[in-house]
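Residue numbers for the sequence shown follow the UniProt record's numbering, beginning at 1 and rising by one.
Just so you know, even glycine gets a beta-carbon here, dropped at the ideal spot from N, CA and C.
Shown next, in structure tokens, is the structure this report addresses.
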Amino acid sequence: MPHSISLITTIATALGLALIFGFLCARLKMPALVGYLLAGIAIGPATPGFVGDIALAQQLAEIGVMLLMFGVGLHFSLDDLLSVRRIALPGAIVQIAFATAAGAGLALLWGWPLASAVVFGLCLSVASTVVLLRALERRGLLESVNGRIAVGWLVVEDLVMVLVLVLLPPIAATLGQTEAAATPSEPVWLTLVSTLGRVALFIALMLVVGRRVFPWVLWQVARTGSQELFTLCVVAAAVGIAYGSAEAFGVSFALGAFFSGMVLRGSALSHRAAQESLPLRDAFAVLFFVSVGMLFDPRVLVEAPLHVAATIAIIIVVKSVAAFALVLAMRYPLNTALTVSASLAQIGEFSFILASLGVALNVLPAQGQSLVLAGALISIALNSLVFRAAQAMQGWIHTSPALTRKFERSDDPLSELPASVDQSLLRRQVVLVGFGRVGRRIARALSADGIPYVVADQNRDIVEALRERGIPAVSGDATEPGVLIQAHIAHAGMLVIATSDSVGVRRMVEIARTLNPGVRTVVRTHSEEEARLLAGEKIDRVFLGEEELASNMIRHVVDTIREDQAREREGAVPPLR
């Protein structure tokens with residue numbers, strides 16, 4: 001060959017093998033991502049045969065992370081982020097501290113130095129962006145309350161890891177006492193202040209300037225009528241802003257891409273931008289999993305099986321239990337606790353970056369990096385099983401009245417409707433489940449018509465704000481009977497499920513029908529298949545987003561044309577020639 005084609009060879013081989021192994025895993029009823037990981041192992045340096053370019057694969061995977069986080073930002077508003085700050089901020093920080101302590105304690109038992117133990121623990125404390133988002137998307141939870149909490153938790157973890165990556169080199173001398181970790185040229189506190197200042201400046205610029213400039217640029221490109229230019233603008237915004245923010249402000253690619261998507265959400269074209277970037281997001285996400293497999297050396301499973309088992313136990317068990325306990329301690333429902341804990345039961349890209357930096361600074365042994373990679377690969381492969389186990393655990397708890405009462409948090413004042421609520425408002429009222437973008441509009445219309453309603457929402461901050469405004473509201477998961485009982489579903493005239501979480505709709509309707517056989521039920525959905533399934537559940541009305549949009553547009557078009565025709569017949573409008 002007259003020139004190097006390592007990039008083409010790596011992409012072609014990675015995607016081809018990922019397709020084959022992914023297809024085989026799908027036929028065996030296993031997650032396709034397990035096949036992508038196996039494809040990476042097959043072209044990695046630890047297995048015979050063709051070896052792909054690991055450096056190129058990792059860079060391609062980074063592009064996938066950027067595009068994926070950009071897509072999430074397009075569906076995630078600043079209000080969504082702020083609405084979960086009270087649980088995501090303290091929860092993520094405490095969970096990172098707990099998992100780091102557990103990992104460090106394990107490493108100290110193995111006889112590692114303190115520096116190595118701390119870095120190893122940090123590697124096990126942060127979840128993978130790609131795996132978390134793919135898991136939530138696959139289950140339709142990304143835009144639910146639980147999904148927003150998990151994503152907010154992830155954003156906080158990313159911010160913490162940005163600080164760790166910046167502070168590790170100057171701290172390495174203090175902890176590691178190694179030659180590679182040279183004495184820092186400036187105090188650690190000054191480095192910390194500088195890093196926090198850059199991150200704060202980046203976020204401020206994105207929220208103040210970016211929210212005005214980027215949507216305007218996207219609109220100007222859309223006005224050209226070129227689909228190619230529009231797609232190019234979307235991809236350039238995602239990758240360019242992520243790269244620029246990393247270079248100028250020291251934040252991660254993932255965080256920069258997330259905020260770029262969030263500011264572009266202010267554009268009316270955000271939905272189209274999300275659709276245009278979807279194929280690229282999927283393709284590069286596959287390359288991410290392949291790159292993880294390429295880094296894995298299977299020999300560690302033979303040389304240190306107990307170390308691998310202990311590492312996986314911390315990632316899947318210790319982290320999950322810590323997150324589960326934290327969410328329940330903050331008085332969020334069981335469903336939220338299980339979803340968040342299952343989402344975080346894996347590690348990924350930040351763990352690889354931190355492990356590589358630790359090895360470069362000579363504060364993490366090579367075995368530590370191998371254990372981190374082994375833990376990442378196995379925890380990613382098992383993540384779908386963890387979600388299934390969480391769902392099974394929720395069902396098992398609901399079969400036990402004692403456990404159900406315990407997890408319904410009877411001591412939580414927000415889980416019970418205040419006794420001061422006017423009883424006249426609790427008869428023939430509307431029980432509104434979910435107070436998101438759709439729920440708020442419904443509530444506004446009900447208030448305008450003087451129709452009483454009670455809100456049931458899992459977000460405690462929303463419930464507190466509603467009660468301050470004098471609106472009856474109860475906090476909790478409406479799939480738990482106690483929540484609908486507190487909303488006085490037994491005397492309600494209608495149950496309106498405005499949440500995007502379609503998983504628990506059937507159970508909500510079942511509980512409502514049991515407590516009030518005559519209650520009318522109204523449900524929203526985004527999928528025609530879901531609409532057909534829900535229609536068979538004897539739900540009075542299922543609203544499909546696209547169908548309702550088309551119906552309203554048709555009604556407007558037909559009414560407008562008929563009005564013009566009537567005015568034309570009356571001579572008020574000159575006829576068209």
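- Query: Count the other CB atoms within 10 Å of the CB of Ala443; is the residue buried (16 or more) or exposed (fewer)?
  - Reply: To locate residue 443, count along the sequence shown from 1; it is residue 443. The residue in question, Ala443, is buried, as its Cβ has 16 or more Cβ neighbours within 10 Å.
- Message: What does the alpha-carbon distance come out to for the pair Pro48 and Ile54?
- Response: Within the sequence shown, numbered from 1, the residue matching residue 48 stands at position 48. Within the sequence shown, numbered from 1, the residue matching residue 54 stands at position 54. Cα-Cα distance, rounded: 15 Å.
- Task: Please report how far the alpha carbon of Val372 lies from the alpha carbon of Ser420, in whole angstroms.
- Result: Start at 1 with the first residue of the sequence shown, and residue 372 comes out as number 372. Start at 1 with the first residue of the sequence shown, and residue 420 comes out as number 420. C-alpha separation (whole angstroms): 54 Å.
- Message: Among Ala310, Leu382, Leu269, whose alpha-carbon lies nearest the alpha-carbon of Val221?
- Response: Position 221 of the sequence shown, counting from 1, holds the residue named residue 221. If we check each option's Cα against that of Val221, Leu269 comes out closest.
- Message: Short of 7 Å in beta carbon distance, which residues of its chain neighbour Ile149, apart from the five on each side in sequence? Order them along the chain.
- Response: In the sequence shown, residue 149 corresponds to position 149, counting from 1. Answer for Ile149: Val84, Ile87, Ala88, Thr336, Val340, listed in chain order.
- How is Asp79 classed by DSSP in three states: helix, strand or coil? Residue mapping note: residue 79 aligns to position 79 of the sequence shown, counting from 1. Asp79 falls in the helix class under three-state DSSP.
- Message: Once the 5 residues before and after Glu416 are set aside, which same chain residues still bring their CB inside 6 Å of it?
- Response: The residue you call residue 416 lines up with position 416 of the sequence shown. Cβ neighbours of Glu416 beyond the five flanking positions: Gln486.
- Message: Could you check whether Val126 and Val166 sit closer than 9 Å to each other, using their CB atoms as the reference points?
- Response: Here residue 166 refers to the residue found at position 166 when the sequence shown is read from its first residue. Here residue 126 refers to the residue found at position 126 when the sequence shown is read from its first residue. The answer is no: Cβ separation not under 9 Å.
- Task: Within the UniProt domain "RCK N-terminal" (427 to 543), note down every full alpha helix (DSSP H) run reaching 4 residues or more, in order along the chain.
- Result: 437 to 448, 460 to 468, 481 to 486, 505 to 515, 528 to 535
- Determine contact between the region 353 to 360 and the region 276 to 293, defined as no fewer than three beta-carbon pairs at a distance below 8 Å. no
- Message: For the structure I just gave you, are there three or more beta carbon pairs, one from the region 363 to 382 and one from the region 34 to 52, closer than 8 Å?
- Response: yes
- Message: Three or more C-beta pairs under 8 Å: does that hold for the region 475 to 492 against the region 423 to 437?
- Response: yes
- Message: Alpha carbons only, please: which of Cys233, Gly52, Met508 is nearest the one belonging to Met294?
- Response: Numbered from 1 along the sequence shown, position 294 holds the residue referred to as residue 294. Cα-wise, what sits closest to Met294 is Gly52.
- Message: Under DSSP, the alpha helix (DSSP H) around Leu264 begins and ends at which residues?
- Response: The sequence position of residue 264 within the sequence shown is 264, counting from 1. Taken as a continuous stretch (DSSP letters only), the alpha helix (DSSP H) holding Leu264 covers 253 to 264.
- Task: Would you check if the region 236 to 255 and the region 26 to 34 touch, i.e. whether three or more CB-CB distances between them fall below 8 Å?
- Result: no
- Residue burial classification, Ser128 (beta-carbon count within 10 angstroms, cutoff 16): For this step, residue 128 is matched to residue 128 along the sequence shown. Buried, since its Cβ has 16 or more Cβ neighbours within 10 Å.
- Task: Check Val317 in the structure and name its three-state DSSP category.
- Result: For the purposes of this step, residue 317 is taken as residue 317 along the sequence shown, with counting starting at 1. Reduced to three states, the DSSP call for Val317 is helix.
- Three-state secondary structure assigned by DSSP to Val383: Taking the first residue of the sequence shown as position 1, residue 383 is located at position 383. Val is not the amino acid found at residue 383; the sequence shown has Asn there. DSSP places Asn383 in helix when its eight states are reduced to three.
- Would you mind sorting Ile43 into buried or exposed? The rule is 16 or more other CB atoms within 10 Å of its CB. Taking the sequence shown and counting its residues from 1, the one referred to as residue 43 is at position 43. Ile43 is buried by the Cβ-count criterion.
- Message: Could you give the first and the last residue of the continuous alpha helix (DSSP H) run that contains Leu417?
- Response: For the purposes of this step, residue 417 is identified with residue 417 of the sequence shown, where counting begins at 1. Element bounds for Leu417: n/a, residue is neither H nor E.
- Item | Pairwise C-alpha distance: Gln59 and Thr9 | To locate residue 9, count along the sequence shown from 1; it is residue 9. To locate residue 59, count along the sequence shown from 1; it is residue 59. Computed Cα separation, rounded: 15 Å.
- Considering only residues of the same chain and omitting the five flanking positions on each side of Val327, which have a CB-CB separation below 6 Å? As a working mapping, residue 327 is identified with position 327 in the sequence shown. If we look at Val327 and ignore the five residues flanking it on each side, its Cβ neighbours are Thr336, Ala337, Val340.
- Task: Quick one: grab the DSSP three-state call for Gly35.
- Result: The residue you call residue 35 lines up with position 35 of the sequence shown. In this structure, Gly35 counts as helix in the three-state DSSP scheme.
- Compare the beta carbon distance of Leu122 and Val164 with 9 Å and say whether it is the shorter of the two. Within the sequence shown, residue 122 is the residue found at index 122, counting from 1. Within the sequence shown, residue 164 is the residue found at index 164, counting from 1. Their beta carbons are under 9 Å apart, which means Leu122 touches Val164 by this criterion.
- Put Arg331 into one of helix, strand or coil per three-state DSSP. Counted from its first residue, the sequence shown places residue 331 at position 331. Correct three-state label for Arg331: coil.
- Thinking just about the alpha-carbon of each residue, which of Leu192, Leu306, Cys233, Arg211 is nearest to the one in Gly250? Taking the first residue of the sequence shown as 1, we reach residue 250 at position 250. Of the candidates Leu192, Leu306, Cys233, Arg211, the one whose C-alpha sits nearest the C-alpha of Gly250 is Leu192.
- Query: By the 10 Å Cβ neighbour count, where 16 or more other Cβ atoms means buried, how is Ala423 classified, buried or exposed?
  - Reply: Mapped onto the sequence shown, residue 423 falls at position 423. A small correction: the amino acid at residue 423 is Gln; Ala does not occupy that position in the sequence shown. Answer is exposed; the Cβ neighbour count stays below 16.
- DSSP state of Glu276 mapped onto helix, strand, coil: In the sequence shown, residue 276 corresponds to position 276, counting from 1. DSSP places Glu276 in helix when its eight states are reduced to three.
- Environment of Asn552 [buried if 16+ CB atoms lie within 10 Å]: The count along the sequence shown starts at 1 and reaches residue 552 at position 552. Per the 10 Å Cβ criterion, exposed.
- Query: Nearest-angstrom Cα distance between Phe387 and Ser343?
  - Reply: Reading the sequence shown from its first residue, position 387 is the one you call residue 387. Reading the sequence shown from its first residue, position 343 is the one you call residue 343. Whole-angstrom Cα-Cα distance: 8 Å.
- Query: With a CB to CB cut of under 7 Å and the five nearest residues on each side skipped, what residues in its chain are close to Ile315?
  - Reply: Reading the sequence shown from its first residue, position 315 is the one you call residue 315. If we look at Ile315 and ignore the five residues flanking it on each side, its Cβ neighbours are Leu124, Ala345, Gln346, Ile347, Gly375, Ser379.
- Task: Just confirm the distance between the C-beta atoms of Arg541 and Val558, as a whole number of angstroms; I'd bet it's less than 8 Å.
- Result: Sequence index remark: in the sequence shown, residue 541 carries index 541 (1-based). Sequence index remark: in the sequence shown, residue 558 carries index 558 (1-based). Actually they do not touch by this definition, with Cβ atoms about 22 Å apart.
- Message: Can you tell me whether Glu548 is buried or exposed? The criterion is at least 16 other CB atoms within 10 Å of its CB, across all chains shown.
- Response: As a first step, residue 548 is located in the sequence shown; it is residue number 548 there, counting from the start. When all chains shown are included, Glu548 counts as exposed.
- Contacting residues, own chain, Cβ-Cβ under 7 Å from Gln394 (five flanking each side not counted): Position 394 of the sequence shown, counted from the first residue, corresponds to residue 394. Cβ neighbours of Gln394 beyond the five flanking positions: Leu334, Asn335, Leu338.
- Query: Among residues of its own chain, excluding the 5 on either side of Leu355, which ones have a beta-carbon nearer than 7 Å to its beta-carbon?
  - Reply: As a first step, residue 355 is located in the sequence shown; it is residue number 355 there, counting from the start. Leu is not the amino acid found at residue 355; the sequence shown has Ala there. The residues are Cys123, Leu364, Gly368, Gln369, Val372.
- Message: Suppose the cutoff is 7 Å on Cβ atoms and the five residues either side in sequence are ignored; what does the same chain contact list for Ser277 look like?
- Response: Position 277 of the sequence shown, counted from the first residue, corresponds to residue 277. The residues are Leu67, Phe70, Gly71, Val234, Val235, Ala238.
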